[in-house]
Structure formats: structure tokens, C-alpha cells
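Everything below concerns the one structure shown next.
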Amino acid sequence: MALCAKKRPPAPVPPWGAAPSEPLRPRTDRQTARPSPAQTGIMTVPKEMPEKWARAGAPPSWSRKKPSWGTEEERRARANDREYNERFQYALIPQISSLSWFTTIVPLVLVLTITAVKDATDDYFRHKSDNQVNNRQSQVLINGILQQEQWMNVCVGDIIKLENNQFVAADLLLLSSSEPHGLCYIETAELDGETNMKVRQAIPVTSELGDISKLAKFDGEVICEPPNNKLDKFSGTLYWKENKFPLSNQNMLLRGCVLRNTEWCFGLVIFAGPDTKLMQNSGRTKFKRTSIDRLMNTLVLWIFGFLVCMGVILAIGNAIWEHEVGTRFQVYLPWDEAVDSAFFSGFLSFWSYIIILNTVVPISLYVSVEVIRLGHSYFINWDKKMFCMKKRTPAEARTTTLNEELGQVEYIFSDKTGTLTQNIMVFNKCSINGRSYGDVFDVLGHKAELGERPEPVNFSFNPLADKKFLFWDPTLLEAVKMGDPHTHEFFRLLSLCHTVMSEEKNEGELYYKAQSPDEGALVTAARNFGFVFRSRTPKTITVHEMGTAITYQLLAILDFNNIRKRMSVIVRNPEGKIRLYCKGADTILLDRLHHSTQELLNTTTDHLNEYAGEGLRTLVLAYKDLDEEYYEEWAERRLQASLAQDSREDRLASVYEEVESDMMLLGATAIEDKLQQGVPETIALLTLANIKIWVLTGDKQETAVNIGYSCKMLTDDMTEVFIVTGHTVLEVREELRKAREKMMDSSRTVGNGFTYQEKLSSSKLTSVLEAVAGEYALVINGHSLAHALEADMELEFLETACACKAVICCRVTPLQKAQVVELVKKYKKAVTLAIGDGANDVSMIKTAHIGVGISGQEGIQAVLASDYSFSQFKFLQRLLLVHGRWSYLRMCKFLCYFFYKNFAFTMVHFWFGFFCGFSAQTVYDQYFITLYNIVYTSLPVLAMGVFDQDVPEQRSMEYPKLYEPGQLNLLFNKREFFICIAQGIYTSVLMFFIPYGAFAEATRDDGTQLADYQSFAVTVATSLVIVVSVQIGLDTGYWTAINHFFIWGSLAVYFAILFAMHSNGLFDMFPNQFRFVGNAQNTLAQPTVWLTIVLTTVVCIMPVVAFRFLRLNLKPDLSDTVRYTQLVRKKQKAQHRCMRRVGRTGSRRSGYAFSHQEGFGELIMSGKNMRLSSLALSGFTTRSSSSWIESLRRKKSDSASSPSGGADKPLKG
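According to numbering that gives the first Met the number 0, the sequence shown is numbered sequentially starting from 0.
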């Protein structure tokens, strides 16, 4: 059966061959200058044979592709007769198809498949993680019956039952609970990062609705504020039974909280899903891409433009050649019917060359990058040094797209509670009646260090003591046992003045539920020293004092708030005496003491300063006796103030102020907020790596500042710590202005004879501020930050903050954290990293370029939103300085080599175009083109991209300055790209012209002409594979067995495939595809060919070797210097072992001068080669290497736009 469609059959092909002395002739797709039969004597081709068969027996140098015939007149297809059908050479686009379809389709399909599988895997695991939250179960009251519902199905207006230790599914109005008076206890770790208990209370009218039948009949209506992100505020009204009841934040249970120590509670859903305050603070999930990704996309567009330019050049060449030369052969080889001019021939040639040269556009680049990133992610996951044994938690790379950006971080934004600290408070020291307790001294009177201390104090006398509590100074316990009245009153205050709830599950087993970990630590200290808070009721407090149970009548609690910064209780003891006990911040309480305590005040102040210098959190304790008559009068005024409709808080504050005056000083406490292990060392190391660390915390200012000192972000050596606390826009602006003026005043002379004003006029404003002399820190409160982040002031805030070594933002909301990060991203153009452990950090984590979640005590919200997670802050230094730096280094080396090898491969076609009549003929065999990027050169570069190192991990941590090239983007940028392209083009020129010149007059062993197309193709392809293999060997800095296997294995695979494609076996199976039997064997058997290959390799590689040798000796970078010092140390150790093994004889001449290099003495005296305490070897480098990094940094700073984007101008005061 034949299917007919009109198409002109192939024209008869004349006999084909070439005399050995014939020069290489140009050819085109549409016409070929063929020699006459008289010129040939090699083979004769039957007229009926299709042209490509004729080429099978001809030397390919002079062969031609089948002419493209344009539009079909008819088509003929014969069933089961391939030989007949192939005569017509039907193709997708016959005029421009220069290669077989698989040369492009196979790599493209492979790339798309691997990318799709990788993305699908990432999406699957994220979807699985989301489902864990969405499918949590809740008990919902539907039609009077409690039914299990998934969180995603909970609606506004539903009544939900929560049980102990359950997560709150939505923002609920608390209706009732199992506790008296409608109380319930919650943990808000995922909201504000605090693990201490908080109390919520139902309004009295609904607190009795504990029965399901009553709840089913509840038909109250709530009118409240719209959805917002304010975690600490709620305003609404409940309308029920023709009455209205005000609602506040104390009546709300927010999503993300956990119900604790409460058997059950019921709540009415007010906000659900994305309307909850937690989700309102989460921020928008942003697609994160690295700077290298963005640069790669730009470069690929440039390469595509370069491809078009090459196509245009060669198309113009084709048109000129057809017009000048091709017309001579029109008689026996006319143009195709569709080709009517040389111009149209050039147009078709343009598309042919686009197809041939498309390999210059790196299709496989993206999938290779993904494979490398995946390998880097697994290295992070498998790192045993980032595995927390205590929590059995490994580090986890939750994304595979950001690894190299870990090596470019300039700003770290960290939460405090649970991230820098363990959120565990420890009673450390105290001052009682002018005597300080807590320090331990040795026999010489020197303060003993922690490791030198004796056994902790033995509290075995107290059966109710907490066995976990440790205290080291036995003199305090002796004072308690001896009945010192001041000491007893001190601990009595601690056991009474608090809001802690006590729970006794078994006899003698007390569990304290504190709203603040500070309170828990203080009450636990009193418990161990014999003053055990046992229980409380709304009107009484029971304390066991030295074994005796005493019940105090609780008359009033004057609660703590951020303005008062103190709390008090008024109690009546069993003798009827009324006393006020108060504890609070020293800045507040010391001004309210009786004048008779002045001498004690001076001593206690000295102790407080000492404690604060050690980074401890301090409180002052005082008391005041009240007579009955005064108390009754005061209680009446307090009652009236609490019932006032307007200015209720101000009236209560005034009443409290009155009674909390003329108090008697008892002493002070010092609590340690235990830092996580390794935090100070990590911050010091990251600072040496030129990474700026900002702390964004919801904690109060005093706490944050204390932690700043504890973790060495703030030091007493700093020039000044600026504290911004303004409540209005004008106040904040003025405080920021004064801070900048002080920094500039102290730096009037920058150096080298330039005054500050001269410096200011010659560079951008921010660069000058960041270059001020001295070290400064900035502490700013949340209400001040709200003004500072306004559009007209954000630049002033940023300029001031960036000039400081440390920045601490206190009392900030989750949204403000994200705004600060966005501000730095927007104007500094620097890579940012945010790290936190609570739901209040989610917005910040999502906003930063890189988000890190601490899988700690505060739930999993931060981890779920993060890109990387681990259990301790100290692992951050390894994540950045080792994994991040290596990832950046490997990716840059991979990209440089990848672009180089692609240009070296593809540009050979471009040069060949000038010698084949611009006919779009390829140099290489089509199978080589297909396999080059996916077989011959793919695995070696992947091995380098996954395993390469410049220095070992220990040196990466020891020399933090090695991190700076990533911050400056030195290893891969547009300049490096053009260098790689230039090297690739240089290689391609030599790769083509050296074999071309060598083959011009070369002969085989039997005297015949060596030059033919297939021999030339094999020679060029072999040279290329060897050159790029040697080049990657030079680029590899860290050799593994895998590198060796892939590099030399790829070479072996190339030769195996090459010989296989030219073997008899494949020809027998596929005679139409593998026609050049024995060509590779015959070509590579010629000494001339191997000499050509060796010459090409040497000429291509030697300039690279010479350049690197000169750079290493004349201008080494820091990594070169580090590697050199390692070699020196190894030689010294080897010589030292040799000297110990073999006794020295003769002269005692020192070997010192022969094993050391000049400059080490000065280096040691400068302290730059010491460990962390002495700059962690950060400055160790040659003068040239340090200067070029610093000059580049200055150049980057000077060339970067000022955040204000304005012209160079001084700050206006």
C-alpha cells in the first residue's frame, strides 16, 4: 500500500570522492560544489541510491546534507519499506533541520524530568507538613452534640471544647472552664516566645456555662474589632439576655496557644483560619531566589543574545557566499524551489545555526544546579556536629534552593528568648541588708571560678526543696538557719509577692505555674531556703516558713505593668499586722525608698552595678508597714478608682503610687537568664566574619540589654550605647539625630589628613557613618520603632543603626520584626538571615532572604516556616562559615567551569562555518553533540560542585575572614563570567585551528592524505574532552575517590562510546546511523593525531597554569595563604618528629630560620593569630590579600547608593 502526496524525488547523485590532495571544500545545505567524476577515483554511486547513502561511503569533509525541497507536491509512503520511505527524508522543518531531533530533545526532556521530580518532591513534603496542622482534630458543639472536626472545618460562631495540653484551633472567646471563676492557664510560646504560664478568665456571666446543654442554648452575639495582628489587644462586646458585657484580651484564647493545667474549657470562635491573629502576623509567603539565580537568568539572556548575534553573522556570511560562490553550481545543483535568492538562503541558514549553536545556551545548567544544591542539603542534614544529642534533633535543610546564599550573609536578625537564651531563669546572687551572697571565695580570698567551686549547698534539711535548684554560697543558708531577721524577711517577701500558682500532685511534690520565669526562679529560691509557698486562694496565701505553716490574708495585689515596672502585695499576718511587700526595677524602686535607708541604698547600688555588669537580671525588694486605719482609707480609694468609667488605669496608678512610697529597703536579687551553650563564641566569630547581628525581641528593654551584655554583643568598652525611647515622632527623630551627631563628633578626623566633612563630601552618607571611629550600639523600644519605621524617618533610623556594631530592638511586634528586615533588604541590598523559635518570629523568617527555625521549646511554627532548622543557636556558625561558604565556593566554581566548557564546545562550530561555506555543517558527530553535556562532562563538574573544598572545615571556623569573598560576591559575578567566556573562546580557537593546520599537509602511515571530515571530527572531539577534563582537574581543590572516578571514568566512557560507534557491530544493527566503520580506530592509530591532541591540550592549559602560578605567588588571596600555612605546619611537624627520632650531631645551629616565614613575630605580637578572644586569627593574611579585600569592600560601599538614594550631602542636624 502506498500513500501518495506530490514530492519531487531526490535528484541523481553524481559519483563522489576526492583525491587525497584535494583541499577541504566548503559546502552548503542547499547547494554543493562537487568535483566531477574525472577528478575522483575512489567510489561510484548508483543513481538510485539516496544521497545520504552516497555520503556514507564518501569522506565527510566534502559530503553534503540532502537539499531541502520546500513545500511538498505529493507524499509517498510505502508500508513496511523503510528503505523506500527514507529516500524522501521527511523532516519536521526540512529547510533548517541540521541535526537529528534527539540532539536537542533528549537533553531537554532529561532536564525537565529531573527538575519536575525535584520540585514535586519538595511540594509533597511541604504539603505533608501543612496537612499535619490542618488535620488536627477539635471537638465542636454541633446540634447539642460534641463532634470531632478538622481544624480546617472550624467556622466562626462554633463552640469548641479544649482539653489539657491541646493547641487552640482558632481565636476563641473563653466561655467557661474546669477551674474556679472561669480561669484557665495557657502557654503562649508560639505567639510571643515565652514558655511561662499566662492566665485567662471567662466573664462571670458565662463562667457557669460548663454543661453542654446550657452551652447548646447559648445565643449570645459578639461585636468586636475586625481581624488584625495585635497580639496584646482585643476590644469587643458580648450582647446576651438584653445585657452587654465588655470583652478584653484577658478573655481571649488565641490560636497557637496551648492549654495547660486546665482539665477542659469551652470557647466561642471569633476569628478562624487566615483571620486569626497568629496568621495575621505570619506575613505573606515569598518565593525566595538567590542572587546567583538572578544573575544566572540574566547571563542566560545575554548568552541567548550572543547566540542570535552569531547566527546573524553566519547567516550574512552564507548569503554572501551563495551570491559570490554558490551561483557557479546552479547548473547541476540548483537551489530548492522555496529558495529564490541568496538572501533567503541566508535567512534559512540563520535558523540552522541557531539549532546547531543552541548548546551555548546551557539547558542542563539548571538541573545541574539543583542536583548540586540537593547534595549540599544532604550534607547539612547529615552533619553530626549539628546534631543535638540532648533533644535527638538533627539539622534540617527544608529547602534546596538557598544553600549558596548561606555563604553571602551580611545581616542576621535574631530573636532573643529561646534563640539566644534557654528561657531558663536561675537564682544566681542576692544582696541582703548590704551583704552580697552568691560568690564563692578560695582560701586566699579570690573569687572561685565555676569549675573550681566546691559542692553546691546542701538543702537536705528541707523536705520540700526543689532538687534541681543549685546555689553555691553556703553563707546564705547559714544566715537563714541562724534566724537572721533581714534574711527571713527577704525570703518571706519572695514567697508572698508573686502571682504564682501552686499544684501538689503528690504529698511534698510541688509544681509552680508562673506567669514569668523570673517569678518562678525567685519563688523556687525562697522554697529551697525554707520559705515554701504552698498554696493560695483568692484571699489567702499559705507559706511554710522553716517547717511551720503560716497563712497570710491577701488584701490586695498591685499588679505589674510596663509603666510601673514593679508589683506589690498587701498582706495581713496571723498577728494582724499589715505589711506591703514590693519588688521591681531598680530604676523605679530606689526613688521610692525612705530617706533613712540611704547608707544601705549606696551599698546595694554597688551590688546592683556589679550584678548588671555580669549580665544578670536584677530586682530590688522593699517593704512598708501600714496601720489599719490608713489601709482602710486607702482600700476605699482603690475601690472607687477601679469602678471609674473614665481614666480608670490612671486613677489606679495614682492610688498605687501613693501607697508605694517611703518603703524600707530589704535587698536585691540577681537572676541569670541562661544563655544557650556557645552563644557568645558564636556571636564573636560571626562578628569577625563581618556579619552584623541585630536582636529583635518582644522582651522588655532591661532584659534585652542584660542579654546583650551576657552574649557580648554589648560591652563596657563600647564608646556609647544609644537608647531610643521616644513616644512621639519628634522625640524619636531628635534622639536619632543626637546619636548620629555624637558618632560624627567623635570621628571628625577620619584619617590621612581628611576631615570628616571632606570624607562626607567624597562618599555616600551611609558609608561614612559605618566608618566612624569607635564602637556604638543602639537600643530602641517598640513604640519608638513604630515611629522610626514610618516612611519619612526609616532612612534616618537605618543610617543610625547601620553605623552601630550592635542593634537591639525591644518590645517589638512580629510585624515590626518583618518591617525591620524588609528595610535592610530594601536599602542595603545585602543578604539577610532571620533566626527564631516562636510563631512571633514567622513573619521575620519569611521576610528574610534565609529563614532559620530553632526547634526548641516554643512549638513548631518557626520551623515550619523556615528554610533551615536546628536546635541550638551555636550551630549557626557552622551553617554559615562551613556549609554556607563551601556551598557558595562550589557553586561559583561549578558555574565558571560550566560556561567555559560550553563555549569551548560550541564555538568550534562558529569557526568551522567560515570554512564550509556557512552551510550549517557541524564539526562533531551528532551523537557526540548529544552526549557531551549529559555523559562526557556532566559527572566531573557535578563532583566538583558537590565535594570541592578550598580549606578544611576547621580552618573555615578558625579564619572567619575567609567568609568575606562571598559577601563581596567575588567568586562569581559578571566580570568572572566574561573571563570564563574568554577562556572558552580562546580554547575553541585553538581547538579548531591547531588540528586544521596540522591536517592541512598531514599524511597517514601509508602516505595517503590524513584530512577528511570524520578524522578531523574525532581529533577535535578527543582534544576537547581531554582539555576540559584536565581543566577540571586544575579547578578541583579537594580530591576524593569520586572525583577521580568521574573525571577519568568520563574519559574512559568517551573512548568506549567512540570506538563502539565506529564498530562493525553497530553498523550491522543500524547501518543508516553508524556508517563510518573503523574511522576512530584508524584515526587514533596515527601518531600525527596524538601529537596534535597533545599540542592542543598543552597550548590550551599552559596559560591557565602560568596565570594561576603567578597569582599565587604575587597576589594570593586569604584561602591561598591559609593553605600555605597548613603546608608549613605539616613540614614543621614532620621535621620535628624527624629531629626527635634522629639525634642531632655537630653544630647546634638553630633550624628556626628555615621553617618560618617573615612576619610571624609581628603577627603574634598583634594578637591576630590567637583564638576567639584575640580575633580568632581573622586578620592573618598577607598584606596584599588583606588590602585587596578591604579595597574591594570600600569600593563596593562607595559605589553602592546611599539608602536615601540622594546626592552626597552631610547630615543636617
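Each residue gets a CB set at the ideal place from its N, CA and C atoms; glycine is no exception.
- It is roughly 59 angstroms from the alpha-carbon of G852 to the alpha-carbon of M1068.
- Note that the C-beta distance between L237 and K276 is not below 9 angstroms.
- Put simply, the segment 948-959 does not touch the segment 344-363. Fewer than three CB pairs are less than 8 angstroms apart.
- With a cut-off of 8 angstroms on Cβ pairs, the segment 406-420 is not in contact with the segment 388-396, counting fewer than three such pairs.
- Restricted to the segment 815-892, the alpha helix (DSSP H) segments that are unbroken, complete and at least 4 residues in length are 841-846, 860-864 and 874-877, listed in chain order.
- In the same chain as T602, and ignoring 5 residues on each side of it, the C-beta atoms closer than 6 angstroms to its own belong to G433, in chain order.
- At the C-beta level, L989 and T1124 stay beyond 9 angstroms of one another.
- Taking the C-beta atoms as reference points, T831 is found nearer than 9 angstroms to V408.
- By the neighbour-count definition (other C-beta atoms within 10 Å, threshold 16), T420 is a buried residue.
- The Cβ-Cβ distance between A1059 and L1050 does not fall below 9 angstroms.
- Under DSSP, the beta-bridge partners assigned to V531 are H543.
- In the three-state reduction of the DSSP assignment, V366 falls in the helix class.
- Contact check between the segment 322-329 and the segment 887-905: fewer than three CB pairs, one atom from each, fall below 8 angstroms, which does not count as touching.
- Taking C-alpha positions only, M151 is separated from Q136 by approximately 9 angstroms.
- Counted as a single uninterrupted DSSP element, the alpha helix (DSSP H) harbouring V1098 occupies residues P1086 to L1113.
- Per the Cβ contact rule, the segment 942-951 is in contact with the segment 1030-1050 (3 or more Cβ pairs under 8 angstroms).
- Ranked by Cα distance from E635, the first of D624, K623 and R650 is R650.
- N250 places its beta carbon less than 9 angstroms from that of Q200.
- Under the DSSP assignment, A669 falls in the beta strand (DSSP E) whose first and last residues are M663 to L674.
- For A776, the uninterrupted beta strand (DSSP E) segment begins and ends at Y775 to N780.
- In the structure shown, N972 adopts coil according to DSSP, grouped into three states.
- Within the same chain, Cβ atoms closer than 8 angstroms to the Cβ of K243 are found at T236 and L237, the five residues on either side in sequence being excluded.
- With respect to V811, L695 sits close: the two C-beta atoms are nearer than 9 angstroms.
- A residue is called buried once 16 or more other Cβ atoms fall within 10 Å of its Cβ, and L735 is buried on that count.
- When beta bridges are read from the DSSP output, W239 appears opposite N242.
- The Cβ neighbour count for T986, taken over all protein chains shown within 10 Å, is at least 16; the residue is labelled buried.
- Under the three-state reduction of DSSP, S137 is assigned to strand.
- Around the Cβ of S1118, a 10 Å sphere holds 16 or more other Cβ atoms; the residue is buried.
- For G310, the enclosing alpha helix (DSSP H) stretches over residues S290 to E323.
- When the Cα atoms are used, F217 and Y184 turn out to be separated by approximately 24 angstroms.
- Bounds of the beta strand (DSSP E) holding W693 are K691 to L695.
- Pairing L173 with K232, the inter-Cα distance amounts to about 15 angstroms.
- With fewer than 16 other Cβ atoms inside 10 Å of its own Cβ, N1063 counts as exposed.
- Rounded to whole angstroms, the gap between the alpha carbons of Q597 and A548 is 35 angstroms.
- Shown here for G310: same chain residues with a beta carbon closer than 6 angstroms to its own, the five before and five after excluded, namely F349, Y352 and I353 in chain order.
- The three-state reading of DSSP puts T550 in strand, counting E and B together.
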